[in-house]
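Below is one structure; the comments refer to it alone.
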Amino acid sequence: MNTGLTPSPLDAHLRAFTPAQAALTRLIGTPFLDDDDRHWQLRAVDHAAPMQAPVRLGIRSSLCTVDVVVEGANHPALHAIAHEADAQRRTALAGLWLTPMLDTLSAAGLGDAALATFAPERNDAQRSGQQELPMRLDGPHGETPCRIAALDWLAAPPAPPVADRNAVLAQLGVVGLPVGVRIASRRCATDTLSSLAPGDVLLGWGQHAYCPDTDAGAVRLTCGDSRRAHFTAHAHYKEGTVTILDVPTLTDDDTIAARDTTHDSTDGIAVEALEVPVHLEVAVMSLPLAELAALAPSHVLQLPVLLRDATVRLVCHGQTLGHGQLVAVGEHLGLQISAMSARHAEH
Numbered sequence: 007m008n009t010g011l012t013p014s015p016l017d018a019h020l021r022a023f024t025p026a027q028a029a030l031t032r033l034i035g036t037p038f039l040d041d042d043d044r045h046w047q048l049r050a051v052d053h054a055a056p057m058q059a060p061v062r063l064g065i066r067s068s069l070c071t072v073d074v075v076v077e078g079a080n081h082p083a084l085h086a087i088a089h090e091a092d093a094q095r096r097t098a099l100a101g102l103w104l105t106p107m108l109d110t111l112s113a114a115g116l117g118d119a120a121l122a123t124f125a126p127e128r129n130d131a132q133r134s135g136q137q138e139l140p141m142r143l144d145g146p147h148g149e150t151p152c153r154i155a156a157l158d159w160l161a162a163p164p165a166p167p168v169a170d171r172n173a174v175l176a177q178l179g180v181v182g183l184p185v186g187v188r189i190a191s192r193r194c195a196t197d198t199l200s201s202l203a204p205g206d207v208l209l210g211w212g213q214h215a216y217c218p219d220t221d222a223g224a225v226r227l228t229c230g231d232s233r234r235a236h237f238t239a240h241a242h243y244k245e246g247t248v249t250i251l252d253v254p255t256l257t258d259d260d261t262i263a264a265r266d267t268t269h270d271s272t273d274g275i276a277v278e279a280l281e282v283p284v285h286l287e288v289a290v291m292s293l294p295l296a297e298l299a300a301l302a303p304s305h306v307l308q309l310p311v312l313l314r315d316a317t318v319r320l321v322c323h324g325q326t327l328g329h330g331q332l333v334a335v336g337e338h339l340g341l342q343i344s345a346m347s348a349r350h351a352e353h
């Protein structure tokens with residue numbers, strides 16, 4: 007069938023890499039150390055940054071030849087060397103100044119790399135039809151705009167360095183995950199939820215729920231995105247202190263609650279009468295993965311806020327429907343609504 011549409015080539019809309027440039031990108035984003043244990047890192051950027059005093063470095067090794075244009079204005083010494091009249095002296099001085107950076111190329115697999123030429127770049131504008139790769143060099147002297155002006159691999163490009171497993175684990179260990187306290191849960195009809203307004207009190211949270219008067223009760227500690235499988239642990243709360251009662255497990259509480267629901271009618275049920283799981287939750291802190299992995303029964307966490315003073319979220323399938331304050335109505339726990347979310351009110 008002819009729709010009358012004529013597809014246009016994508017070449018004009020996509021960034022073009024030569025095979026040599028594509029091979030170079032395998033080394034992008036990997037930090038390399040020089041002999042003084044200072045980090046250098048090459049990063050890809052979307053657009054070439056304008057340069058006030060560009061200089062061209064010709065680097066040669068047994069694996070490749072590459073011309074790199076860098077911003078000399080960020081480095082006064084390098085900029086001054088670029089204006090040395092004698093080419094041999096200019097290259098020798100620049101080689102000495104660039105030794106730490108060239109040392110990192112050994113870690114990248116270019117052990118015999120050396121500076122072969124060094125001169126000011128007379129025309130900073132990219133040459134028409136020449137594919138240059140815009141980059142940024144991050145090092146001990148800050149961020150330096152640069153671009154790969156010419157690149158030719160004389161042998162197979164070096165493979166990216168193998169990551170240090172212990173270093174990776176150490177980096178992951180400091181990544182924080184949100185931790186919350188789930189105070190109580192129940193199932194609630196959607197028409198009841200849609201009718202809630204500021205000032206209303208939602209009851210029905212069970213007889214063994216948290217008690218605001220004593221600021222104590224059984225709770226669940228949650229970690230991760232509650233819209234998906236996440237870690238939970240039973241705990242006891244008392245005046246800001248949470249004591250873990252069991253080993254945290256990966257679960258999806260909402261899915262479990264949904265399986266427990268049964269309907270007697272074989273004719274279906276109105277949407278307004280559908281019951282959905284809702285929870286009272288407080289986001290309390292962020293814990294690093296290393297500390298979360300160490301959680302075990304009898305482990306104690308000190309919360310930064312008392313639950314009876316906290317703003318509590320009314321949550322359904324990970325979405326916050328509203329928030330309010332915990333109240334006691336006789337012996338029953340309630341949530342006095344302070345506000346309902348605009349998105350929930352529209353639906």
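All the letters of the sequence shown, read from the start, carry residue numbers 7 to 353 under the numbering used here.
We put the beta carbon where it would ideally sit given N, CA and C, even for glycine.
Between which residues of its own chain and residue i is the CB-CB distance below 8 Å, once the five residues before and five after are set aside?
i    : result
E337 : Q213
A120 : I65, R66, S67, G101, L108
A54  : Q132, E138, P140, P151, R153
A114 : L33, T36, F38, P164, P167
A155 : R62, D73, V74, V75, Q136, E138
Given this structure, state the Cα-to-Cα distance separating residue i from residue j, to the nearest angstrom.
i    : j    : result
T247 : L183 : 19 Å
L251 : G148 : 49 Å
L99  : F237 : 58 Å
A224 : G205 : 26 Å
V72  : P146 : 22 Å
E281 : G328 : 17 Å
A190 : R233 : 17 Å
G324 : D315 : 22 Å
N80  : T326 : 48 Å
L309 : M291 : 8 Å
S304 : L208 : 32 Å
L286 : R319 : 6 Å
L111 : W46  : 10 Å
A289 : L301 : 18 Å
A88  : L104 : 13 Å
F38  : L48  : 9 Å
A222 : R171 : 43 Å
H242 : V321 : 21 Å
L256 : L175 : 21 Å
A345 : T198 : 15 Å
D52  : L30  : 16 Å
L341 : G330 : 6 Å
R62  : G117 : 21 Å
W211 : L143 : 57 Å
A334 : R226 : 20 Å
L69  : A122 : 14 Å
D185 : S200 : Residue 185 is actually Val in this sequence, not Asp. Whole-angstrom Cα-Cα distance: 28 Å.
In this structure, does DSSP put residue i in helix, strand or coil?
i    : result
V311 : coil
D266 : Because the pLDDT of D266 is 46, which lies under 50, any placement of that residue in the model is unreliable, and the number read from its coordinates should be weighed accordingly. Reduced to three states, the DSSP call for D266 is coil.
Q213 : coil
D109 : helix
S344 : strand
P60  : strand
H85  : helix
V181 : coil
G101 : helix
D73  : strand
V253 : coil
E297 : helix
R49  : strand
A222 : strand
T24  : coil
L339 : strand
S68  : coil
A122 : strand
L280 : coil
S304 : coil
T317 : coil
G205 : coil
A176 : helix
Taking a contact to mean a Cβ-Cβ separation below 8 Å, would you say residue i touches residue j in this structure?
i    : j    : result
P56  : V75  : no
R193 : T228 : no
L293 : P218 : no
L312 : Y216 : no
A203 : I343 : yes
W159 : A50  : no
P106 : D42  : yes
T220 : V306 : no
A239 : P254 : yes
F124 : R96  : yes
By Cβ distance below 7 Å, which residues in the same chain neighbour residue i in space, the five residues on each side in sequence not counted?
i    : result
L295 : L178, G179, V181, L183
L230 : The sequence as given places Gly at residue 230; Leu does not occur at that position. Same-chain partners within the cutoff: L183, H236, F237.
G78  : A59, P60, V61, L84, H85, A88
Please return the same chain residues whose Cβ sits closer than 6 Å to the Cβ of residue i, not counting the five positions on each side in sequence.
i    : result
K244 : A222
Looking at the ligand GDP, does it come within less than 7 Å of residue i, judged from the CB to the closest heavy atom?
i    : result
L104 : The ligand content of the structure shown is nil, which means the ligand GDP is not present either.
At which residue ranges does the region 138–164 contain complete beta strand (DSSP E) runs of 3 or more residues, listed in the order of the chain? The DSSP assignment places complete beta strand (DSSP E) segments of no fewer than 3 residues inside the region 138–164 at 139–145, 148–159, in order along the chain.
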